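In what follows, a single structure is set out as structure tokens and then discussed.
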Amino acid sequence: MTILDLEYGRPDVLTAERLLLGGLSRARSAGERTVKLIHGYGSHGVGGAIRRHTRALLRELEQTGRIASFLPGEDFGPFSEGGRAAIARDFSLTRDPDYGRANSGITLVFLR
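Position 45 of the sequence shown, counted from 1, bears residue number 108 in our numbering, the numbering being contiguous throughout.
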């Protein structure tokens, strides 16, 4: 699994978007099927601009068929339908340190 840290260096939203799109493209070219995005959860857990923008962009990419799907970190565990579907797709994800932690600072992206 490729890990993209979109919050490193505290970029603005458009820089983070460029990092995301370039990283997804490189991961796809490398044959990766899953990408873990670290976007942070925002100041004091309220929800940062990068997280909101990233997830809105991922919804658009999913709707246009450019990615298979995505899973917010808070749903990455055995108690959500999306989490169970992710594990059915790739059981090795259960070894990820964020599995079952309801971490809203990450998002998993599943590539086509």
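In this text, a Cβ means the ideal position worked out from N, Cα and C, and glycines have one as well. In this text, all values refer to a predicted model and were calculated from it rather than measured experimentally.
Following the DSSP letters along the chain, one finds Leu100 inside the beta strand (DSSP E) bounded by residues 97–101. When DSSP assignments are scanned along the stretch 111–162, the uninterrupted stretches of beta strand (DSSP E) that are 3 or more residues long and fall wholly within it turn out to be 132–135. Where Leu82 is concerned, there is no enclosing beta strand (DSSP E), although the alpha helix (DSSP H) around it starts and stops at 76–92.
Here DSSP, grouped into helix, strand and coil, assigns Leu171 to strand.
Taking the Cα of Asp68 as reference, the smallest distance to any Cα among Val76, Leu83, Leu77 is reached at Leu83.
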